[in-house]
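Structure record follows, encoded as structure tokens.
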Amino acid sequence: MNIVWMIMISVSLLYAFLTGQVQLINEVCLQIGKQTFDFVLPLICMVCFWNGILNVAKEAGLLKLLERMFHPFLKWLLPDLDKDEETLGYVAANITVNMFGLGSAATPIGLKAMQGMQRHNPQKDTATRSMVTFLVLNTAGVTLLPTTLIALRSEFHSADVSGFLPFAIICTMFASFVGLLIDRWWNHRVR
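Sequential numbering from 1110 applies to the sequence shown in the working numbering.
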């Protein structure tokens, strides 16, 4: 893919030089820089804000409460981790944070969960059943408040910033259900 991009950029630059439109390249580069900055800055602010809210919820004990609510489900879903409370806590925290659309905050927690699962893995070069199930949960997880999409829609001046919310919740619930159903079927079939 890098080769394709290099060819496209080279052909564009060559065409600009041959047609005498070098100034146009400078204008586009400056505009793209400004547009990128204007686009990324609100997203960074949104991520900082929601990470702050996440830390407040953590300090208030709300995340621990949600984690305790998920533990029985996770012990059933990830039976080879039923004795590892720390790893199950990371998995529960990851799911909880992802439910609020904070993928950037969930990534470090998810990595710690995978490290915990790797400790129980007899074949270090192969993913365990729990790792695959966690990946399905992480990829197709239920999102109750997709903060990044709301911020993007707001940035592009959407008439109804959160109008898609019911559909997003239904779609992510369906994706999670189907993903877990296939995961369970596959694990049962392989045994």
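Note that the Cβ used here is the ideal one computed from N, Cα and C, for glycine as well.
Give the straight-line distance between the Cα atoms of residue i and residue j, rounded to the nearest whole angstrom.
i     : j     : result
I1162 : L1152 : 15 angstroms
R1238 : K1143 : 46 angstroms
C1157 : K1221 : 21 angstroms
Y1124 : T1145 : 25 angstroms
A1284 : G1250 : 7 angstroms
Helix, strand or coil: how does DSSP classify residue i here?
i     : result
M1110 : coil
S1302 : A question about residue 1302 goes unanswered here, because the residues of the chain that appear run from 1110 up to 1300.
D1234 : coil
D1147 : helix
A1249 : coil
Do the CB positions of residue i and residue j come within less than 8 angstroms of each other?
i     : j     : result
N1207 : T1252 : yes
F1209 : T1256 : yes
L1150 : I1134 : no
D1292 : T1242 : yes
E1195 : G1219 : no
V1200 : L1187 : yes
I1204 : L1254 : no
For this session: Would you check if there are 3 or more beta carbon pairs closer than 8 angstroms linking the segment 1271 to 1278 to the segment 1219 to 1236?
Result: no
Exercise. Quick one: any contact between the segment 1263 to 1271 and the segment 1170 to 1179, if contact means 3 or more CB pairs under 8 angstroms?
Worked result: no
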